[in-house]
Amino acid sequence: MLPQLPQLRRDQFDNLEKHTQSGIEFVERYTKFVKERSEIEFNYAKQIRNLSKKYQPKKNSKEEEENKYTSCQAFLSTLNELNDYAGQHEVIAENLTSQIITELLRYLTELKAERKSHFHDGRKAQQHIECSWKQLEASKRRFERDCKEADRAQQYFERMDADINVTKADVEKARQQAQMRHQMAADSKSEYSNFLTKFNQEQNEHYYTLIPNIFQKLQEMEERRIERVGVSMKTYAEVDREVLPIVGKCLDGMTKAAESIEPKTDSKQVVESYKSGFEPPGDVEFEDYGAGQSMKRTVSETSLSNSRGEAKERPSGGKSKGKLWPFIKNKNKLSLKLGSGPEDFSHLPPEQRRKKLQAKIDDLNKDIQKEMDQKDALTKMKGVYEKNPQMGDPASVDPRLVEIAMNIEKLQYEVQKFEGWLAEVEGRLPSKSDPPRRQSGLYETQNSNSSTVANNCAQDRESPDGSYTEEQSSETQDKVAIANTPEFDDEFDDGDEETLPTIGTCKAIYQFEGHNEGTISVTEGELLYVIEEDKGDGWTRVRRNEEEEGYVPTSYVEVSLETTAKGAMTYI
56 MLPQLPQLRR DQFDNLEKHT QSGIEFVERY TKFVKERSEI EFNYAKQIRN LSKKYQPKKN
116 SKEEEENKYT SCQAFLSTLN ELNDYAGQHE VIAENLTSQI ITELLRYLTE LKAERKSHFH
176 DGRKAQQHIE CSWKQLEASK RRFERDCKEA DRAQQYFERM DADINVTKAD VEKARQQAQM
236 RHQMAADSKS EYSNFLTKFN QEQNEHYYTL IPNIFQKLQE MEERRIERVG VSMKTYAEVD
296 REVLPIVGKC LDGMTKAAES IEPKTDSKQV VESYKSGFEP PGDVEFEDYG AGQSMKRTVS
356 ETSLSNSRGE AKERPSGGKS KGKLWPFIKN KNKLSLKLGS GPEDFSHLPP EQRRKKLQAK
416 IDDLNKDIQK EMDQKDALTK MKGVYEKNPQ MGDPASVDPR LVEIAMNIEK LQYEVQKFEG
476 WLAEVEGRLP SKSDPPRRQS GLYETQNSNS STVANNCAQD RESPDGSYTE EQSSETQDKV
536 AIANTPEFDD EFDDGDEETL PTIGTCKAIY QFEGHNEGTI SVTEGELLYV IEEDKGDGWT
596 RVRRNEEEEG YVPTSYVEVS LETTAKGAMT YI
């Protein structure tokens, strides 16, 4: 039995040590797996958030303007839901870290310490039993040696006792030596017997108590490790399951956003956004053919088929101001050439101009309300200071109150200015019940009664002293800039210009100094020919003679159109 002790240590403790070490390495590997999954979830959430942020509409951009459409709103809702969806993946990453990774790392530290303690106790017990075994072996060898020495001493005594030549003293000495050796052998036997009994007890305790207890503790440690891994794996699944309801809500929100798209509503908003307010063209009048006379071309200011080369260049070098019709392609982006347009939005069609003016008025009213709220708050603060001087100086509030009052006055002036322009536009917009008409100018003189039309829509902002400034004539500048661009010439002025026909007369009721290119100066009471009426921009085109023509403010003249041209006085 004794020689088997080293083999037992190698076969059992070494195998158990390898197995438990393998279990710890498994826990470490699983912890690393969960950690990498957590990092993947975190990076995925970060990328999803960046993606959602990337496609969010930019402020003051075309994308932000398009958010009024249901499809764009649905996409924005999808981006918001996607952002929440990314948040759930961040929750997964955080829960994996806090509920699994952190706990397993702490448990690994405890597991290694416990394993070390158990194997230390096992090695200590093994060393103790081996030490006892060595002592037993030493006592056995000593007992064997003493027995052999006693046998040799006994044989020597017997030889001495049988030899007649040996003295009695030598025989006695040999006898005493033999007795001593026998006593030593007896003592060694007794010692060997004691060591053997002790070793057997310790060996029994070692194999039936100490080692089983250590093995039992190692087994329990291993079972706890395996159970802990199982709990972690279950938690791993629960972490995902916990966020599924919210992920489902995010997906439901995306589905609901997609179902909220209304194509007809979007198309109606497009119609409202780009509704020009211009009147559809009426019927083209019949022009009879006369012998020896060539057919005169009808000038249609509202036709969609205004072909190239309709006008001839006049001796003055000026060119006819053609009109850009809705379906004619313009090579240039006019908004880029002309900038953001004049302050009164006169570069826009009537309906769009009205919407812009109304929106501007609403914004100004909001600013006024903010200033009024600040004024009320400061007034109350001043009242508190007057009642309780220790809280502050009432005079310290006065400069701010004066500043706010000035701001309110400026804003109210701006509101009045834009309301005047709005009234001008609304005064020019006809009711929907008005039938569509066509402005047609013929070269033949038409003998019909003329009616006088007084256009006073802009009286609120135009004074009789000729205060139509350079800024107010920006529409004329825009027309001239458009007409003088090479692309415009290619599109509309490829041929020689022809003189536009007269469609009526007008009388200047105020003096106007036309300093801008495209305008013409008039004196009060002067009679002029009308060759292009007001198109909703506040300007009428007139001619003084064959070579001198230009634009004048409509509110500065009293227009009398011929009967066939009256239909062009209304606008949508």
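This note's numbering runs 55 ahead of the 1-based position in the sequence shown.
Cβ atoms here follow ideal geometry from the backbone N, Cα and C, with glycine treated the same way.
Residue i, DSSP secondary structure in three states
i, result
"P318", "helix"
"S615", "strand"
"F341", "coil"
"P336", "coil"
"T578", "coil"
"V607", "strand"
"S518", "Confidence is the limiting factor: at S518 the pLDDT is only 39, short of 50, which leaves the residue's position unreliable and the question unanswerable from this model."
"S401", "coil"
"T86", "helix"
"A509", "For A509, the predicted structure reports a pLDDT of 34, less than 50, and the residue's modelled location is therefore unreliable. A value from the coordinates is still provided. A509: strand per DSSP, three-state reduction."
"T557", "coil"
"G285", "helix"
"K228", "helix"
"I219", "coil"
"G447", "coil"
"K437", "helix"
"Q111", "coil"
"N571", "coil"
"E601", "coil"
"Y124", "coil"
Proximity to residue i [Cα-Cα], best of the options
i, options, result
"E617", "K203, I79 and T560", "T560"
"I459", "V470, M427 and N443", "M427"
"T578", "A193, D307, G475 and I564", "I564"
"R279", "Y162, K171 and R197", "Y162"
"R642", "S243, I463, D343 and E327", "The first residue shown for the chain is 56 and the last is 627, placing residue 642 beyond what the model contains."
"L582", "K562, G593 and Q566", "K562"
"E334", "K435, I219, D589 and L433", "D589"
"F97", "K114, N115, K109 and T152", "T152"
"I266", "F174, V470, E479 and F254", "F174"
"F130", "E314, S93, E275 and A414", "E314"
"H10", "D592, V339, Q274 and T310", "What the structure shows of the chain is the stretch from 56 to 627, and residue 10 is not part of that stretch, so it cannot be assessed."
"G482", "K101, P454 and E406", "E406"
"D206", "Q190, I184, Q232 and D338", "Q232"
"V612", "K113, G475, N138 and G580", "G580"
"T264", "I184, V452 and F473", "I184"
"K472", "P444, Q413 and M436", "Q413"
"T75", "K189, E602, M276 and N150", "M276"
"A208", "D225, E192 and N220", "D225"
"T290", "L555, V480, A148 and E136", "A148"
Beta-carbon proximity of residue i to residue j, cut-off 9 Å
i, j, result
"I79", "K167", "yes"
"V89", "L134", "no"
"Y85", "V325", "no"
"E587", "T595", "yes"
"R170", "F68", "no"
"T574", "F567", "yes"
"Y140", "I95", "no"
"S194", "E246", "yes"
"D201", "A240", "yes"
"Y606", "V614", "no"
"D422", "L456", "no"
"K272", "F198", "no"
"E204", "R236", "yes"
"Q154", "V294", "yes"
"V339", "L419", "no"
"I269", "Q143", "no"
Cβ neighbour criterion (16 or more within 10 Å) applied to residue i
i, result
"T357", "Residue placement at T357 cannot be trusted, given a pLDDT of 45 that sits under 50; what the coordinates show is reported in the next sentence. The residue is buried, with at least 16 neighbouring Cβ atoms inside 10 Å."
"N249", "exposed"
"C305", "buried"
"I156", "buried"
"V585", "buried"
"Q181", "buried"
"L477", "buried"
"N70", "exposed"
"H570", "exposed"
"D448", "exposed"
"D399", "buried"
"E464", "exposed"
"Q494", "Since pLDDT at Q494 reaches only 39, below the 50 mark, its modelled position is unreliable, and the value read off the structure follows with that caveat. Buried, by the Cβ-count rule."
Those residues which DSSP pairs with residue i across a bridge
i, result
"K1", "Since the first residue shown for the chain is 56 and the last is 627, residue 1 is missing from the structure and cannot be characterised."
"L306", "Its beta-bridge partners do not exist; DSSP assigns none."
"N563", "Note on residue identity: the sequence assigns Ala, not Asn, to residue 563. For A563, which the question treats as bridged, DSSP gives the partners V612."
"R596", "E587 and Y606"
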